[in-house]
Amino acid sequence: MKRRIVLTGAFIGMLAIILGAFGAHLLKKYLSVDQLNTFEVGVRYQMYHALFLLFLSTQKSIAEKTLKAIYNLVVAGVVLFSGSIYLIATKDYTLFDFKIIVFATPLGGFLLIIAWTLLFFTILKRKS
Numbered sequence: 014m015k016r017r018i019v020l021t022g023a024f025i026g027m028l029a030i031i032l033g034a035f036g037a038h039l040l041k042k043y044l045s046v047d048q049l050n051t052f053e054v055g056v057r058y059q060m061y062h063a064l065f066l067l068f069l070s071t072q073k074s075i076a077e078k079t080l081k082a083i084y085n086l087v088v089a090g091v092v093l094f095s096g097s098i099y100l101i102a103t104k105d106y107t108l109f110d111f112k113i114i115v116f117a118t119p120l121g122g123f124l125l126i127i128a129w130t131l132l133f134f135t136i137l138k139r140k141s
């Protein structure tokens with residue numbers, strides 16, 4: 014499980030850098046300042062959670078079941094939160110119907126909050 018967490022964290026981080034560069038260099042010509050800022054929020058939160066996964070992989074005393082739950086929450090949260098933000102920021106250039114994903118961003122954010130909360134209470138209950 015720890016190997017999967019590290020690999021996923023590295024992949025999500027790499028993808029955040031690629032998307033950040035894509036936004037800063039290529040999309041700059043096409044998107045408004047507000048759209049670029051929105052896109053950057055998706056990149057930023059994606060990178061935060063890549064680092065979160067790498068941190069998670071270093072935790073030796075967290076049960077496998079809890080690790081898996083936090084991992085799944087983070088991956089789903091990043092896909093829903095950052096993914097929907099990327100789509101919203103570039104909506105003028107896609108044929109995607111955004112009414113379908115209206116709840117994706119807040120749901121993704123909620124999943125990320127649950128992941129952090131689960132980690133918090135897991136560590137809080139741990140005996141030093």
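Each residue of the sequence shown is one higher than the one before, counting from 14 in the working numbering.
Even for Gly, the Cβ is constructed at its ideal location relative to N, Cα and C.
Query                                                                                                   : Result
Test item: CB-CB of LEU124 and LEU93 under 8 Å                                                          : yes
Selection from GLN59, LEU100, ALA37, THR130 that minimises the alpha carbon distance to PHE116          : LEU100
Among PHE134, LYS41, ILE127, nearest to ASN85 - alpha-carbon criterion                                  : ILE127
Span of the alpha helix (DSSP H) around GLY36                                                           : Here GLY36 belongs to no alpha helix (DSSP H), and DSSP marks it neither H nor E.
Segment contact, 8 Å Cβ cut-off, at least three pairs: the segment 52 to 71 with the segment 105 to 113 : no
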